[in-house]
Amino acid sequence: MVAKRATYQDVLDAPEHMVAEILDGELHLMPRPSPRQARNASALGASLISAFDFGLSGPRRGSIA
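Its first residue numbered 0, the sequence shown is counted upward by one per residue in numbering that gives the first Met the number 0.
Shown next, in the form of structure tokens:
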């Protein structure tokens, strides 16, 4: 049996409390991060950008990407 390839409509129809993405034609659902997790991820990203891109106690050249 051949599985149906996921479509953008499948992403739009995903439950609101889930993050949906299509990888290699397959729909993947995962729970949304809590507000605390999202804030911590943003804070960590801001710290890394400050340290590496602006030379604050990190490498002085280039960026982390």
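The beta carbon of each residue, even a glycine, is placed where N, CA and C say it ideally should be.
- Would you grab the beta carbon distance between His-16 and Pro-30 for me? Rounded to a whole angstrom, and I think it's under 8 Å. Against the sequence shown, residue 16 aligns to sequence position 17. Against the sequence shown, residue 30 aligns to sequence position 31. At roughly 7 Å, the Cβ-Cβ gap stays under 8 Å, so His-16 and Pro-30 are in contact.
- Message: Taking 6 Å as the limit between beta carbons, can you name the residues of its chain near Thr-6, skipping five residues before and five after?
- Response: As a first step, residue 6 must be located in the sequence shown, where it is residue number 7. So no residue of the chain qualifies.
- Residues bridged to Pro-30 (per DSSP): The residue given as residue 30 occupies position 31 in the sequence shown. The partner list for Pro-30 (beta bridge, DSSP) reads Met-17.
- Tell me, please, which residues DSSP counts as bridged to Leu-22. For the purposes of this step, residue 22 is taken as the residue at position 23 of the sequence shown. Note: Leu-22 sits in a beta bridge opposite Glu-25.
- Message: Which of the three DSSP states is assigned to Asp-75 in this structure?
- Response: The structure shown does not extend to residue 75, since the chain is modelled only from 0 through 64, so no value can be given for it.
- Roughly how many angstroms lie between the CA atoms of Leu-47 and Asn-39, to the nearest whole one? Translated into positions along the sequence shown, residue 47 becomes position 48. Translated into positions along the sequence shown, residue 39 becomes position 40. The alpha-carbon atoms of Leu-47 and Asn-39 are separated by roughly 12 Å.
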